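Inspection log for the structure reproduced underneath, given as structure tokens.
Protein chains: 2
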Amino acid sequence: MSIDALQRVPPCSARAVELDEGDVLVIVDPEGEQVSDLVAFARDDTREYLSSGRSIDYASRLFLTTGDLLYSNRSRPMFEIIEDDCGRHDFTLTPCSKDTFEIIYGETEGRPGCEGNLAHALAPYDIGVDRIPIAFNVFMHVAVDADTGRLEVRPPRSKPGDRIRLRARMPLVAALTACSAGQSNNFRYKPIDYTVERAAG
Amino acid sequence: MSIDALQRVPPCSARAVELDEGDVLVIVDPEGEQVSDLVAFARDDTREYLSSGRSIDYASRLFLTTGDLLYSNRSRPMFEIIEDDCGRHDFTLTPCSKDTFEIIYGETEGRPGCEGNLAHALAPYDIGVDRIPIAFNVFMHVAVDADTGRLEVRPPRSKPGDRIRLRARMPLVAALTACSAGQSNNFRYKPIDYTVERAAG
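Those sequence lines, one after another, are chains R and E.
Under UniProt numbering, the first residue of the first sequence carries the number 1, and numbering increases by one thereafter.
Under UniProt numbering, the first residue of the second sequence carries the number 1, and numbering increases by one thereafter.
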């Protein structure tokens, strides 16, 4: 096994990373209270993508953590969560976007948001913005009211240095962000760090 | 305004229906306790589809009902719920599929499930199975535990004759099922009825 050099996703941006089967993607919140939207596609056929609906259905749970599998739309395991310091993530909301900022925040500067940043990072793989699905929103804390279904985005529970480790179960191209939405990171736009533990080499 | 003849979706199948802007799709549960998975695509460009993540985010609520908008992945309103007798639907789970039956129920007969039935109904529009997203699961009752996130599929709250009316906000091709998953309909596989109130004609 070898470990890639630690990479930094600068605030309000995204990076793509290729993973082989068995590689472990490690996502670190270096300063605490930051969210990283994670999406993934099968490298062999990018029509196969990480599916929140399949993953939640098979776990019968909204909140996924160590031991849980993240499935593709074709019901094949894409990731296994093998370590999770934080324990609370979201898998229901689409990445923030230009429209999110306008509709929810009344902001009209046209910032691309995580959606635009993910599409930019995935452009070399010919994956356009229409194909950015609901992300696995790492460290995102969304409280749910069981009676009304009301959702409340709270500051993440992640502390400085908290990490999550996800083992790839097939060859993937993944992309991850340092989130651009103020509500998600307590209005402090911070970086996200990541590395890959390579199964081969 | 004119009203189409009432159509029946036979048990464990799906139908596609074209809607113009202003048309109202009426989905009826004729016998009670049945679920209908609804998906929709913009007729002008089917890369634009009904998005659970966008809709839930903008409503800040998991459970949508009268007055709520259902958004596309491009953050444009596709439907407005204008009447809702039942009041409880799900928008987190992907349609049941051959794999669902195998993974959750241990069933190996290879029934296509709502996913396969929706893809079959949408084949004339060149929309394949990989593009069937999380559906608006009409009448589906999924209870959520706010602490653990645990999901429990319960029998629908819909009584015989309960209906939901959705006004199309753009030209759409929609598809809807009579659900094939036992857990969703209390293990009684029933039909679903629908009609369209046409804005023009």
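Ideal placement from N, C-alpha and C gives every residue a C-beta, glycine not left out.
Keep in mind the model is a prediction, meaning the values are calculated, not measured.
Short Cβ contact (8 Å threshold) for residue i with residue j
i, j, result
"C86 (chain E)", "I134 (chain E)", "no"
"V35 (chain E)", "N137 (chain E)", "yes"
"L122 (chain R)", "A42 (chain R)", "no"
"K190 (chain E)", "A178 (chain E)", "yes"
"G106 (chain R)", "P95 (chain R)", "no"
"residue 261 (chain E)", "D99 (chain E)", "Residue 261 (chain E) is absent from the model: chain E starts at 1 and stops at 201."
"A181 (chain R)", "L25 (chain R)", "no"
"L151 (chain R)", "L70 (chain E)", "no"
"R198 (chain E)", "D23 (chain E)", "yes"
"residue 207 (chain R)", "Y58 (chain E)", "It is not possible to answer for residue 207 (chain R), since the shown part of chain R is limited to 1 through 201."
"E33 (chain R)", "P155 (chain R)", "yes"
"H120 (chain E)", "A40 (chain E)", "no"
"I192 (chain E)", "V9 (chain E)", "yes"
"V17 (chain E)", "V196 (chain E)", "yes"
"V144 (chain R)", "A146 (chain E)", "yes"
"L50 (chain E)", "S72 (chain E)", "yes"
Reduced DSSP secondary structure (H/G/I, E/B, other) of residue i
i, result
"P77 (chain E)", "strand"
"L166 (chain R)", "strand"
"F139 (chain E)", "coil"
"Y125 (chain R)", "helix"
"L118 (chain E)", "helix"
"I3 (chain E)", "strand"
"D145 (chain R)", "coil"
"I132 (chain E)", "coil"
"D57 (chain R)", "helix"
Amino acids of chain R, ordered along the chain, whose beta-carbon sits closer than 7 Å to that of residue i
i, result
"G53 (chain E)", "T92, L93, T94, I134"
"N73 (chain E)", "D130"
Nearest candidate by alpha-carbon position, reference residue i, set the options
i, options, result
"I81 (chain R)", "R:G128, R:P30, R:L38, R:T92", "R:L38"
"Q7 (chain E)", "E:S158, E:S72, E:I27", "E:I27"
"N186 (chain R)", "R:E107, R:T94, R:E31", "R:E31"
"S52 (chain E)", "E:M78, E:D130, E:E33, E:I192", "E:M78"
"E48 (chain R)", "R:A119, R:M170, R:D162, R:P11", "R:M170"
"K159 (chain R)", "R:D84, R:R111, R:L172", "R:D84"
"D20 (chain E)", "E:G67, E:S184, E:L166, E:Q183", "E:L166"
"F101 (chain R)", "R:M1, R:Q183, R:R76, R:I3", "R:Q183"
"residue 208 (chain R)", "E:R157, E:D130, E:D162, E:R74", "Outside the shown range of chain R (1 to 201) lies residue 208 (chain R), about which nothing can therefore be said."
"I56 (chain E)", "R:G149, R:I56, R:R111, R:D68", "R:G149"
"D162 (chain R)", "R:L172, R:Y194, R:M1", "R:Y194"
"R54 (chain R)", "E:L172, E:E115, E:T46", "E:E115"
"T65 (chain E)", "E:R88, E:M1, E:R74, E:R188", "E:R88"
"C12 (chain E)", "E:D68, E:G67, E:G110, E:T46", "E:G110"
Where the beta strand (DSSP E) containing residue i begins and where it ends
i, result
"D37 (chain R)", "36 to 42"
"E152 (chain R)", "151 to 154"
"D29 (chain E)", "24 to 29"
"I192 (chain R)", "192 to 198"
"R47 (chain E)", "First-last for R47 (chain E): undefined, no H or E at that position."
"A175 (chain R)", "172 to 178"
"E18 (chain E)", "13 to 19"
"L93 (chain E)", "Where L93 (chain E) is concerned, there is no enclosing beta strand (DSSP E), given that its DSSP letter is neither H nor E."
"L69 (chain E)", "69 to 71"
"R8 (chain R)", "7 to 9"
Chain E residues whose Cβ lies nearer than 7 Å to that of residue i
i, result
"R47 (chain R)", "D130"
Contacts of residue i in chain R (Cβ-Cβ under 9 Å)
i, result
"residue 202 (chain E)", "Residue numbering for chain E in the displayed model covers 1 to 201; residue 202 (chain E) lies beyond these limits and cannot be assessed."
"I81 (chain E)", "Within chain R, no residue comes near I81 (chain E); the closest Cβ sits about 14 Å away, beyond 9 Å."
Cross-chain neighbours of residue i in chain E, by beta carbon under 8 Å
i, result
"F63 (chain R)", "T148, G149"
"I103 (chain R)", "Y58, S75"
Listed by chain order, chain R residues near residue i by CB distance under 8 Å
i, result
"S97 (chain E)", "S75"
"D145 (chain E)", "A146"
"I164 (chain E)", "By Cβ distance, chain R contributes nothing, its closest Cβ being about 16 Å from I164 (chain E), past 8 Å."
The alpha helix (DSSP H) enclosing residue i, as first and last residue numbers
i, result
"T100 (chain R)", "98 to 105"
Any non-hydrogen atom of the ligand MG within 7 Å of residue i CB
i, result
"E115 (chain R)", "Ligands are entirely absent from the displayed structure, and the ligand MG is therefore not among its contents."
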